[in-house]
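Residue numbers (our numbering): -16 to 199. Written out below as structure tokens is the structure these notes cover.
Written out as structure tokens, the structure is:
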């Protein structure tokens, strides 16, 4: 039996064997990818996928210049009518400091994420320097974000929008396991091809099966 006590960020979960405190975290950048959030830098191995969701009235942007990724970093900026899709992770409270360390240069933000049949109050992170210039991401960083978006089945139109983001063309190494990034890139290329073929197939099916109309 599970009993829940609701708060802004932390839910207390009790069962007959243990008590675990956790918070919901909304990821929209590189932490969309399970391998990234669990095994790279932050070691957030307790993160569990909860569901996908959308943050409304914010837009995705890339700012500053990361020495780790050699390009702009993902952040969110308020913009009426815009939407940022991502996934909600359930993270044990004991990993809160680890996540803060991973998000160095960012500050916590409590946001309401709209999911199917529910709204979840989540912790997310926003780049702290509001005057940081917009800069394109490196191909490596963009690949990780795309891989996470595909892995979590974000809306096809949103994924295509991410794919169209212009990167900075950086071809050197980054401070992340390059083999993982190469693998991500291969996966993204294959899945993007499948996604595009699927969309084209749906359009063709609609065009060839819609009722004929007579004008005159």
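Glycine is no exception: its CB is placed at the ideal position from the N, C-alpha and C atoms.
- prompt: Which of helix, strand or coil does DSSP assign to residue 72?
  reply: Within the chain shown, numbered from 1, the residue matching residue 72 stands at position 89. Strand.
query: Considering only residues of the same chain and omitting the five flanking positions on each side of residue 119, which have a CB-CB separation below 8 Å?
result: Walking along the chain shown from the start, residue 119 turns up at place 136. Within the same chain, 45, 54, 55, 148, 149, 150 and 151 come within 8 Å of residue 119 by CB-CB distance, once the 5 residues on both sides are set aside.
message: Let me confirm a value: residue 25 is counted as buried when at least 16 other C-beta atoms fall within 10 Å, else exposed. Which label applies?
response: Translated into positions along the chain shown, residue 25 becomes position 42. A caution first: residue 25 carries a pLDDT of 48, below 50, which makes its placement in the model unreliable, though a value can still be read off. Result: buried.
message: Can you list, in chain order, the residues of its chain with a C-beta nearer than 6 Å to that of residue 60? Leave out the 5 residues immediately preceding and following it.
response: Within the chain shown, numbered from 1, the residue matching residue 60 stands at position 77. Same-chain partners within the cutoff: 42 and 44.
- prompt: Quick one, are the C-beta atoms of residue 52 and residue 121 less than 8 Å apart?
  reply: In the chain shown, counting from the first residue as 1, residue 52 sits at position 69. In the chain shown, counting from the first residue as 1, residue 121 sits at position 138. Result yes, Cβ atoms of residue 52 and residue 121 sit closer than 8 Å.
task: Check residue 112 in the structure and name its three-state DSSP category.
output: By one-based count along the chain shown, residue 112 stands at place 129. Three-state DSSP puts residue 112 in coil, outside helix and strand.
query: For residue 81, which option in 96, 132, 20 and 38 has the closest C-alpha, if you only look at C-alpha atoms?
result: For the purposes of this step, residue 81 is identified with residue 98 of the chain shown, where counting begins at 1. Per the C-alpha coordinates, the member of 96, 132, 20 and 38 positioned closest to residue 81 is 20.
message: So, with DSSP's three-state summary, where would you put residue 180?
response: One-based indexing of the chain shown puts residue 180 at position 197. In the structure shown, residue 180 sits in a helix (DSSP, three-state: H, G or I).
C-beta atoms of residue 9 and residue 71 nearer than 8 Å: The residue given as residue 9 occupies position 26 in the chain shown. The residue given as residue 71 occupies position 88 in the chain shown. Using a Cβ distance threshold of 8 Å, residue 9 and residue 71 count as a contacting pair.
- prompt: In terms of DSSP beta bridges, what is residue 77 paired with?
  reply: Translated into the one-based positions of the chain shown, residue 77 becomes position 94. DSSP output for residue 77 lists no bridge partner at all.
- prompt: Just reading off the beta strand (DSSP E) that residue 96 is part of, what are its end residues?
  reply: Against the chain shown, residue 96 aligns to sequence position 113. Unbroken beta strand (DSSP E) run through residue 96: 89 to 98.
- request: Would you mind stating whether residue 37 and residue 96 have Cβ atoms separated by less than 8 Å?
  value: As a first step, residue 37 must be located in the chain shown, where it is residue number 54. As a first step, residue 96 must be located in the chain shown, where it is residue number 113. Against a cut-off of 8 Å, the Cβ pair of residue 96 and residue 37 comes out as a contact.
- prompt: Once you ignore the five residues that flank residue 66 on each side, which residues in its own chain have a CB closer than 6 Å to its CB?
  reply: For the purposes of this step, residue 66 is identified with residue 83 of the chain shown, where counting begins at 1. Result list for residue 66: 37 and 39, in chain order.
query: Roughly how many whole angstroms lie between the Cα atoms of residue 29 and residue 79?
result: On the chain shown, position 46 is the one that residue 29 refers to. On the chain shown, position 96 is the one that residue 79 refers to. Approximately 11 Å, taken between the alpha carbons.
task: With a 10 Å radius around its C-beta and 16 neighbouring C-beta atoms as the bar for buried, classify residue 179 as buried or exposed.
output: In the chain shown, residue 179 corresponds to position 196, counting from 1. Its Cβ having fewer than 16 others within 10 Å, residue 179 is exposed.
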